[in-house]
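Those protein sequences? They're chains A and B, same order as listed.
Under my numbering, read the first sequence as residues 73 to 331, first letter to last.
Under my numbering, read the second sequence as residues 78 to 326, first letter to last.
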Amino acid sequence: MFSLESHVAVISGAASGIGAATARAFAGAGADLALAWYPPDGHDIGPVLEDVQALGAKAITAEVDVRERQQIRQLFDRAIVEFGSADIVVANAGIARREPRPEEVSDDEWDLVLDVNLAGAWRCFQAAIAHMRQRGWGRLLATTSVSGPVQAWVEHTSYAASKGGLVGMINSLAVELGPAGITVNGVAPGVVATPQSLDPVNSLGPAGVAGQAEGTPVRRVGTAEDVAAAFVYLASPEASFVTGHVIVVDGGRWLAGSD
Amino acid sequence: MHRLAGRRAVITGGAQGIGQAIAIGFAREDADVAVIDVQDEAVGERTVADAQAAGRRGFYLRADVASETEVTGALTAAAEALGGIDVLVNNAGVVSEYTVAQMPVPEWDRVMAVNLRGPFLCARAVLPAMIAQGHGRIINMASQLGQLGGETMAHYSASKAGLIGFTKALAREVSHLNILVNAIAPGPIETQMLAGESPEWVQRKLGQLPMRRFGQVSEVVPAAIFLASDDSSYCTGQTLGPNGGDVML
Numbered sequence: 073m074f075s076l077e078s079h080v081a082v083i084s085g086a087a088s089g090i091g092a093a094t095a096r097a098f099a100g101a102g103a104d105l106a107l108a109w110y111p112p113d114g115h116d117i118g119p120v121l122e123d124v125q126a127l128g129a130k131a132i133t134a135e136v137d138v139r140e141r142q143q144i145r146q147l148f149d150r151a152i153v154e155f156g157s158a159d160i161v162v163a164n165a166g167i168a169r170r171e172p173r174p175e176e177v178s179d180d181e182w183d184l185v186l187d188v189n190l191a192g193a194w195r196c197f198q199a200a201i202a203h204m205r206q207r208g209w210g211r212l213l214a215t216t217s218v219s220g221p222v223q224a225w226v227e228h229t230s231y232a233a234s235k236g237g238l239v240g241m242i243n244s245l246a247v248e249l250g251p252a253g254i255t256v257n258g259v260a261p262g263v264v265a266t267p268q269s270l271d272p273v274n275s276l277g278p279a280g281v282a283g284q285a286e287g288t289p290v291r292r293v294g295t296a297e298d299v300a301a302a303f304v305y306l307a308s309p310e311a312s313f314v315t316g317h318v319i320v321v322d323g324g325r326w327l328a329g330s331d
Numbered sequence: 078m079h080r081l082a083g084r085r086a087v088i089t090g091g092a093q094g095i096g097q098a099i100a101i102g103f104a105r106e107d108a109d110v111a112v113i114d115v116q117d118e119a120v121g122e123r124t125v126a127d128a129q130a131a132g133r134r135g136f137y138l139r140a141d142v143a144s145e146t147e148v149t150g151a152l153t154a155a156a157e158a159l160g161g162i163d164v165l166v167n168n169a170g171v172v173s174e175y176t177v178a179q180m181p182v183p184e185w186d187r188v189m190a191v192n193l194r195g196p197f198l199c200a201r202a203v204l205p206a207m208i209a210q211g212h213g214r215i216i217n218m219a220s221q222l223g224q225l226g227g228e229t230m231a232h233y234s235a236s237k238a239g240l241i242g243f244t245k246a247l248a249r250e251v252s253h254l255n256i257l258v259n260a261i262a263p264g265p266i267e268t269q270m271l272a273g274e275s276p277e278w279v280q281r282k283l284g285q286l287p288m289r290r291f292g293q294v295s296e297v298v299p300a301a302i303f304l305a306s307d308d309s310s311y312c313t314g315q316t317l318g319p320n321g322g323d324v325m326l
């Protein structure tokens, strides 16, 4: 159940947080991996690569800025040459920017967040579609968020807009690509302890993250592994009738009305 | 890797259809199972035999989930037989077709009693022990008709929408006690329920489905396994939709 044997996953933002945990979980489930990472973020793909290889996965890595279509294209081409396919995509790379006063957000600041979080995922999906159509099988997956699709996140309008936009993209592609055997889904994490959420400047910071446990029905903050497990399910052959769906992995926090 | 190793699960409406497949699927993931259904012993025992063929313990208990006394009796017996209950799957459900204008009141009441009162009674019966043991999973089998609404199925749609609301409310009530409550809202799945539809309906519905096909029971079972396993330990109050894209929520 939930085996990814003989599948090849391309994961963006794979050097840290949810992307790294998803790479490890996919390797544990038997997938081979093409891992995209962005060195200017200060993370290192090295330990992730060692871990997934220790779990038996064949893996390649590439420095990818998801704003650069050509870099994404090259990684897909390499994956197909090395492994014979690229039939699962986890569009996970994302950034958050604090915007204390919406009236002062510049077009460049807004565009950066939308370009990475929304258009970046679009480019990753786009790079895979023709190949998946040919195979008659594919899994397009994205990391969205509760912030945007179902909840507000004050001082983070661009982030919430990008994550809400992902859901519109997921749903539309799900209808369009369903007949081709390609499912399109997302995972919407709540508060999960990752380098991004632990950044006190642009996100919650360590105290902010820790403080969320109490208002969450399950009384803890999420882990990147919690999110990765939902991706494994959605990527697996057993999720073949699930499309246009977003699994919320938030310990019930949204339900409880915590903000 | 067996995802439900050592779990003890009760599945209502487990003698046939999706419930039967869940019971057998759970057993194949190394869970012991107790099946509750209104069907005759002979029908229920077939499911149990398949679960036992997977090398697990299986029990059949005949009970109507709409009856408080029968639920109490069956779940007490299930807990004794299994040595406790880790997972409850509220799957028992009934359906019929009437316009609201022509629906007999007893028919509305019957559907509500099985589909909504039943899960409440079963959850109520297992919760004290789940609270005492400090963990539990409750999985409610709703339907996408609880999200979409289905014409000539107002009673069924209302019962399933009610079950989704019940799922969320109970999740808020008990998740902090490590009891996670989630629902599954399948789309059109090839079961006995679908076999009764007209060819015209089938063609129209297939055209509406983004995947251009109905689902298989084997595509619903994994959602239940996911929600019963450690894989979903940060999911609560959720409604998973193996529905071929018919509803996007």
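Where is the CB? At the ideal position from N, CA and C, for every residue including glycine.
Secondary structure of residue i, DSSP reduced to three states
i      : result
A328/A : coil
G311/B : The displayed chain sequence assigns Tyr, not Gly, to residue 311/B. Note: Y311/B maps to coil in three-state DSSP.
F136/B : strand
W209/A : coil
A87/A  : coil
T266/A : coil
Y233/B : helix
G260/A : Just to set this straight, residue 260/A is Ala in the shown sequence, not Gly. The answer is strand: DSSP assigns A260/A an E or B state.
E135/A : strand
I162/B : coil
Y110/A : coil
N217/B : strand
A233/A : helix
Q116/B : coil
G102/B : helix
Alpha carbon of residue i to alpha carbon of residue j, nearest angstrom
i      : j      : result
G264/B : G240/A : 20 Å
E184/B : L76/A  : 46 Å
A106/A : I90/A  : 15 Å
L324/B : L225/B : Leu is not the amino acid found at residue 324/B; the sequence shown has Val there. Approximately 7 Å between the Cα atoms of the pair.
A165/A : N189/A : 7 Å
D183/A : A301/A : 31 Å
D308/B : V218/A : 19 Å
L254/B : R291/A : 9 Å
I167/A : S178/A : 16 Å
V171/B : E310/A : 26 Å
S295/B : A151/A : 31 Å
G242/B : L222/B : 14 Å
A140/B : L204/B : 19 Å
P181/B : L193/B : 18 Å
Q223/A : I144/A : 31 Å
A108/B : L81/B  : 5 Å
S244/A : A129/A : 32 Å
V251/B : I83/A  : 35 Å
A151/B : Q198/A : 53 Å
T313/B : K245/B : 8 Å
V336/A : V293/A : With chain A represented from 73 up to 331, any question about residue 336/A goes unanswered, as that position is not in the structure.
F303/B : L147/A : 31 Å
N257/A : L317/B : 12 Å
Residue of the options minimising C-alpha distance to residue i
i      : options                        : result
V110/B : A130/B, S220/B, E267/B, D117/B : A130/B
I208/B : E174/B, Q116/B, G161/B         : G161/B
R139/A : V314/A, A191/A, K130/A         : A191/A
G114/A : D123/A, A99/A, V259/A, E135/A  : E135/A
V299/A : V82/A, S78/A, F98/A            : F98/A
A119/B : E267/B, Q93/B, G102/B, E106/B  : Q93/B
E175/A : A163/A, L213/A, T229/A         : T229/A
T215/A : W225/A, A193/A, E227/A         : A193/A
Neighbourhood of residue i by C-beta, 7 Å cutoff - its chain only, sequence neighbours within 5 removed
i      : result
V125/B : V112, G135, F136, Y137
T229/B : E174, Y175, T176
P299/B : none
Q97/B  : G91, T124
G100/A : L127
G236/A : G220, P221
V149/B : It is Thr, not Val, that sits at residue 149/B in the sequence shown. Result list for T149/B: A202, in chain order.
P287/B : G321, G322
V273/A : R170
Own chain residues within Cβ distance below 6 Å of residue i, not counting five before or after
i      : result
I254/A : M204, G210
A100/B : I88, G91, V110, V112, T124, A128
G213/B : M207, I256
G195/B : V142, A143, A169
Beta carbon proximity, residue i to chain D, threshold 8 Å
i      : result
D298/A : Absence of chain D from the displayed structure is noted, the protein chains being A and B.
Spatial neighbours of residue i in its chain, beta-carbon cut-off 8 Å, leaving aside the 5 residues before and after
i      : result
G211/B : L254, N255
A328/A : G287, T288, P289
S157/A : H79, V80, A151, H203, R207
beta-carbon residue i near the ligand GDP non-hydrogen atom, thresh 7 Å
i      : result
P278/A : As far as ligands go, the structure on display features none, and thus does not contain the ligand GDP.
Discussion item. Does the contact criterion of 3 or more C-beta pairs under 8 Å hold for the segment 208-217 of chain B versus the segment 251-271 of chain B?
Written reply: yes
Worksheet item: Are at least three pairs of beta-carbons, each pair with one atom in the segment 306-323 of chain A and one in the segment 257-269 of chain A, less than 8 Å apart?
Response: yes
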